[in-house]
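Residue numbers (numbering that gives the first Met the number 0): 0 to 588. The next block holds one structure in the form of structure tokens; read it before the comments.
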Amino acid sequence: MERRPATVAGMTQSLSGIGGDEEIELEELVPNRDRLIADACELAGGANRDLVERYWRLVPDEELIDHSPADMLRSTIEHAHLAQQRLPGELKFEVSTGGEGHTSITIVTDDMPFLVDSMTAALASEGLDIHLLVHPQIVVTRDRDGQLDAVHPTVDADDAGPGQIVESWMRINVDRVRDDAASATLEEAIRHVLTDVRHVNDDWPKLRDQALSLADELLEAKLPVPEKDITDTVELLRWLAADNFTLVGYREYELVNGEYLQAVPGTGLGILNKESTQQRALSSMTPEAYAKALEQRLLIITKANSRATVHRTAYLDYIGIKTFDIAGNVTGEKRFLGLFGSGAYLHSVRELPVIRRKVAEVIERSGLSPRSHSGKDLMEILETYPRDELFQISTNELHAIAMGVLRLAGRRQLKLFLRKDAYGRFISCMVYLPRDRFTTANRLKMQEILTQELNGIGVDYTTRVSESTLARVHFIVRTDPTHPPVDINVDAITEQLSDATRLWADDFRLVLERKVGEAQEKQLFARYIDAYPQTYKDEQTPYEAVKDIAKLELVDSPGELALHLFVRRPNNADLRFKVFRYGEPMLLS
Numbered sequence: 000m001e002r003r004p005a006t007v008a009g010m011t012q013s014l015s016g017i018g019g020d021e022e023i024e025l026e027e028l029v030p031n032r033d034r035l036i037a038d039a040c041e042l043a044g045g046a047n048r049d050l051v052e053r054y055w056r057l058v059p060d061e062e063l064i065d066h067s068p069a070d071m072l073r074s075t076i077e078h079a080h081l082a083q084q085r086l087p088g089e090l091k092f093e094v095s096t097g098g099e100g101h102t103s104i105t106i107v108t109d110d111m112p113f114l115v116d117s118m119t120a121a122l123a124s125e126g127l128d129i130h131l132l133v134h135p136q137i138v139v140t141r142d143r144d145g146q147l148d149a150v151h152p153t154v155d156a157d158d159a160g161p162g163q164i165v166e167s168w169m170r171i172n173v174d175r176v177r178d179d180a181a182s183a184t185l186e187e188a189i190r191h192v193l194t195d196v197r198h199v200n201d202d203w204p205k206l207r208d209q210a211l212s213l214a215d216e217l218l219e220a221k222l223p224v225p226e227k228d229i230t231d232t233v234e235l236l237r238w239l240a241a242d243n244f245t246l247v248g249y250r251e252y253e254l255v256n257g258e259y260l261q262a263v264p265g266t267g268l269g270i271l272n273k274e275s276t277q278q279r280a281l282s283s284m285t286p287e288a289y290a291k292a293l294e295q296r297l298l299i300i301t302k303a304n305s306r307a308t309v310h311r312t313a314y315l316d317y318i319g320i321k322t323f324d325i326a327g328n329v330t331g332e333k334r335f336l337g338l339f340g341s342g343a344y345l346h347s348v349r350e351l352p353v354i355r356r357k358v359a360e361v362i363e364r365s366g367l368s369p370r371s372h373s374g375k376d377l378m379e380i381l382e383t384y385p386r387d388e389l390f391q392i393s394t395n396e397l398h399a400i401a402m403g404v405l406r407l408a409g410r411r412q413l414k415l416f417l418r419k420d421a422y423g424r425f426i427s428c429m430v431y432l433p434r435d436r437f438t439t440a441n442r443l444k445m446q447e448i449l450t451q452e453l454n455g456i457g458v459d460y461t462t463r464v465s466e467s468t469l470a471r472v473h474f475i476v477r478t479d480p481t482h483p484p485v486d487i488n489v490d491a492i493t494e495q496l497s498d499a500t501r502l503w504a505d506d507f508r509l510v511l512e513r514k515v516g517e518a519q520e521k522q523l524f525a526r527y528i529d530a531y532p533q534t535y536k537d538e539q540t541p542y543e544a545v546k547d548i549a550k551l552e553l554v555d556s557p558g559e560l561a562l563h564l565f566v567r568r569p570n571n572a573d574l575r576f577k578v579f580r581y582g583e584p585m586l587l588s
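Spelled out as structure tokens, the structure:
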């Protein structure tokens with residue numbers, strides 16, 4: 000039986016009539032979103048006007064500058080054709096590259112959280128820039144076979160009635176994909192990401208309930224761990240379930256014969272809902288990781304070795320709760336994967352589960368009064384410390400690093416603090432350096448040094464630059480657990496980082512202090528550091544600059560001159576000539 004196209008109050012416009020063989024004369028285009036949409040609506044006519052307006056109304060002006068009303072109408076009708084038939088839960092999309100323009104991705108799916116941010120993150124991971132992003136919520140009616148009966152462009156998503164479906168229609172124009180292989184790779188990436196988004200949304204209530212039920216179980220269980228571990232874990236699970244953590248996956252694992260960690264069938268949720276038959280031998284772990292896996296500690300918080308496909312492309316946060324037999328031996332693990340939400344970053348460290356206990360212990364060990372200047376500085380260090388790190392780091396490590404940062408006390412020196420992941424997947428590198436040394440070029444130099452010295456296979460970083468004398472760069476150097484770095488010499492790496500990021504001014508200050516002493520150095524540095532132009536600094540070493548100061552200090556009367564004729568390098572026939580004069584610069588001719 001032949002099915003007629005669905006209508007928006009009788010929508011029957013064909014693609015061939017839009018800017019095709021028929022010439023459509025339009026007024027000169029004005030790069031203004033409201034004007035373009037109005038012209039596209041007028042061109043559509045009838046009930047199609049409402050669909051065009053709904054489709055384009057949230058697109059920024061700058062993304063429409065190169066679009067004509069005819070282009071906009073054509074894109075809307077093409078999207079409606081793709082949406083002609085879709086079953087509940089089905090994903091429909093097309094990737095097309097025509098002419099000399101961009102590649103277009105057209106998607107029709109059920110409306111759900113994380114669609115837009117997951118897609119934009121996935122495209123960025125593929126190295127594709129987005130040139131147009133259209134993502135309206137469209138209310139439709141379909142029959143039992145998924146055939147589109149009607150589109151309701153004047154109905155808002157929140158007002159959809161019984162039998163009406165809220166869909167997400169996305170159109171994304173990206174850099175031109177130039178061959179079939181790249182197009183196939185892109186299609187697979189889109190399918191993978193949007194399927195994960197579907198699984199996470201479908202299983203969201205189960206993921207949340209699993210966290211809450213596990214918290215209740217722990218309160219009733221007899222476990223061979225300190226009571227504070229149980230309290231912290233219960234608080235954390237309930238806090239996660241209160242929308243402070245984007246739960247994307249859950250699965251249970253059992254330790255088989257004390258040697259292999261194996262997934263328990265039927266326990267997977269979200270992105271872990273597929274059955275897994277893989278086993279991981281504990282013997283493949285490093286000795287440190289092996290000991291960590293079997294120790295009598297209830298809670299594991301670390302980073303997974305894979306990036307999230309849902310919401311954003313950060314490495315997944317991994318929260319594991321160990322299981323034990325009556326003898327206190329580890330028998331398995333209940334594992335959650337996800338991403339810490341805004342609550343982890345906006346609230347004080349004194350309000351966050353797990354973290355607040357560590358912070359309290361660090362403050363107590365410091366012996367500092369919270370009301371003292373140093374006590375307040377320590378609290379500032381802890382409040383601004385990367386939150387992911389605070390969840391993962393041990394109290395001993397946090398105390399050592401926080402006190403080390405406190406002892407810097409604004410000194411203009413570079414300091415490196417390392418923390419190795421217990422499972423050998425990464426090394427956290429916290430670099431504090433003088434704020435004026437923090438540049439993109441220096442960050443890249445430090446990244447290269449850390450990657451080389453730590454056998455890194457990848458690096459992520461975050462920065463914090465405030466009014467403080469010191470800036471902070473937090474590098475996460477990913478490592479291969481089967482080839483971990485050995486004999487890490489923190490002092491040697493620190494020296495490399497310091498040398499690589501030194502400024503001309505740093506060496507100038509150092510040479511000056513050695514020549515004249517600290518007291519006179521401050522006065523002379525302040526007088527001359529900005530007096531030397533950049534062209535001089537590019538040519539002259541700090542040592543030469545200090546020698547020139549000696550001559551400049553002797554020229555203290557108007558019109559007085561000092562001359563210096565020299566050979567810059569031994570066995571070099573080129574003579575150099577410097578003129579030192581009090582007052583305005585000389586013009587040489």
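Glycine residues also receive a C-beta, built at the ideal position from the N, C-alpha and C atoms.
Proximal residues to G582 (C-beta, below 6 Å), its chain only, five neighbours per side dropped: If you ignore the 5 residues before and after G582, its C-beta comes within less than 6 Å of the C-beta of P557, all in its own chain and listed in chain order.
For D70, the residue or residues it bridges with in DSSP: DSSP output for D70 lists no bridge partner at all.
Close-in-space but distant-in-sequence residues of the same chain around E258 (CB under 8 Å, 5 per side omitted): Once the five neighbours on either side are set aside, the close Cβ partners of E258 are A280, L281 and S282.
Cα separation between A241 and W203? Using only the alpha carbons, I get a separation of about 12 Å.
My assumption, with CB atoms under 8 Å, is that A303 sits in contact with Y317. Please give the rounded CB distance. About 4 Å separates the two Cβ atoms, so the contact holds.
In or out: H372 buried (at least 16 other Cβ within 10 Å) or exposed? Result: exposed.
In chain order, which continuous runs of the alpha helix (DSSP H) of length 4 or greater are located wholly inside the segment 296-381? Runs of the alpha helix (DSSP H) spanning 4 or more residues and lying entirely within the segment 296-381 occur at 342-345 and 354-365, in chain order.
Specify, as a first and last residue, the run of the alpha helix (DSSP H) that H191 falls within. For H191, the enclosing alpha helix (DSSP H) begins and ends at D179 to E219.
Would you check if the distance between the CB atom of N454 and the CB atom of T481 is smaller than 8 Å? Cβ atoms of N454 and T481: not closer than 8 Å.
Return the CA-CA distance between K205 and L351, expressed in angstroms with no decimal places. Between the C-alpha atoms of K205 and L351 there is a straight-line separation of about 24 Å.
Let me know the secondary structure DSSP gives K273 once reduced to three states. Note: K273 maps to coil in three-state DSSP.
Quick check on this structure: which residue in L586, S95 and D49 has the alpha carbon closest to the alpha carbon of T75? Across the set L586, S95 and D49, the C-alpha of D49 shows the shortest separation from the C-alpha of T75.
In or out: N47 buried (at least 16 other Cβ within 10 Å) or exposed? Buried, since its Cβ has 16 or more Cβ neighbours within 10 Å.
Please state whether the Cβ-Cβ distance between D376 and L405 is less than 8 Å. The answer is yes: Cβ separation under 8 Å.
Residue from P225, M169 and I104 with nearest C-alpha to A183: Per the Cα distances, I104.
Out of curiosity, what's the CA-to-CA distance linking M169 and K227? CA-CA distance, M169 to K227, rounds to 48 Å.
Taking the continuous alpha helix (DSSP H) assigned at M118, which residues delimit it? Per DSSP, the unbroken alpha helix (DSSP H) holding M118 starts and ends at L114 to S124.
DSSP three-state label for N31, please. In the structure shown, N31 adopts coil according to DSSP, grouped into three states.
Please list, in chain order, all residues of the same chain as R520 whose beta carbon is under 6 Å from its beta carbon, the five residues on each side excluded. First, the amino acid is wrong: residue 520 is Glu here, not Arg. Correct list, in chain order: L511 and E512.
Is the segment 357-372 touching the segment 310-328 in the sense that three or more CB pairs, one from each, lie closer than 8 Å? Short answer: they don't touch.
Under 8 Å between the Cβ atoms of A121 and I189? Result yes, Cβ atoms of A121 and I189 sit closer than 8 Å.
Alpha carbon to alpha carbon, how far is V139 from H151? If I take the Cα positions, the gap works out to 6 Å.
I270: which of S497, R85 and D201 sits nearest, CA to CA? Measuring from the Cα of I270, the nearest candidate turns out to be D201.
For A359, which of N395, S341, K514 and D142 has the nearest alpha-carbon? Cα-wise, what sits closest to A359 is N395.
Closer than 7 Å: L338 CB and nearest the ligand COA heavy atom: Looking for the ligand COA in the displayed structure turns up nothing, as the structure carries no ligands at all.
Measure how close the beta-carbons of E125 and L185 come, nearest whole angstrom, since I'm counting them as under 8 Å. Right, the Cβ-Cβ distance comes to about 6 Å (below 8 Å), so this counts as a contact.
Host beta strand (DSSP E) of P541 (start-end): Premise fails: P541 lies in the alpha helix (DSSP H), P541 to L551, not in any beta strand (DSSP E).
The alpha helix (DSSP H) that contains Q391, what's its start and end? Unbroken alpha helix (DSSP H) run through Q391: R386 to Q391.
Below 8 Å on the Cβ atoms is my contact criterion, and I expect A421 with E287 to pass it. Report the Cβ-Cβ distance as a whole number of Å. That pair is a contact at about 6 Å.
State the Cα-Cα distance for the pair G342 and L114, rounded to the nearest angstrom. Rounded to whole angstroms, G342 to L114 spans 21 Å at the Cα level.
Please report the straight-line C-alpha distance between K419 and W55, rounded to a whole angstrom. Each residue's CA atom was taken as its position, placing K419 and W55 some 49 Å apart.
Neighbourhood of L246 by C-beta, 6 Å cutoff - its chain only, sequence neighbours within 5 removed: So the list reads L206 and G337, once near-sequence residues are dropped.
From the DSSP output, in three-state form, read off I64 for me. I64: coil per DSSP, three-state reduction.
Could you check where the alpha helix (DSSP H) with A399 kicks off and where it finishes? Segment T394 to L407, the alpha helix (DSSP H) holding A399.
Would you call M585 buried or exposed, if buried means 16 or more other Cβ atoms sit within 10 Å of its Cβ? Result: exposed.
Span of the beta strand (DSSP E) around A240: No beta strand (DSSP E) contains A240, which DSSP labels as neither H nor E.
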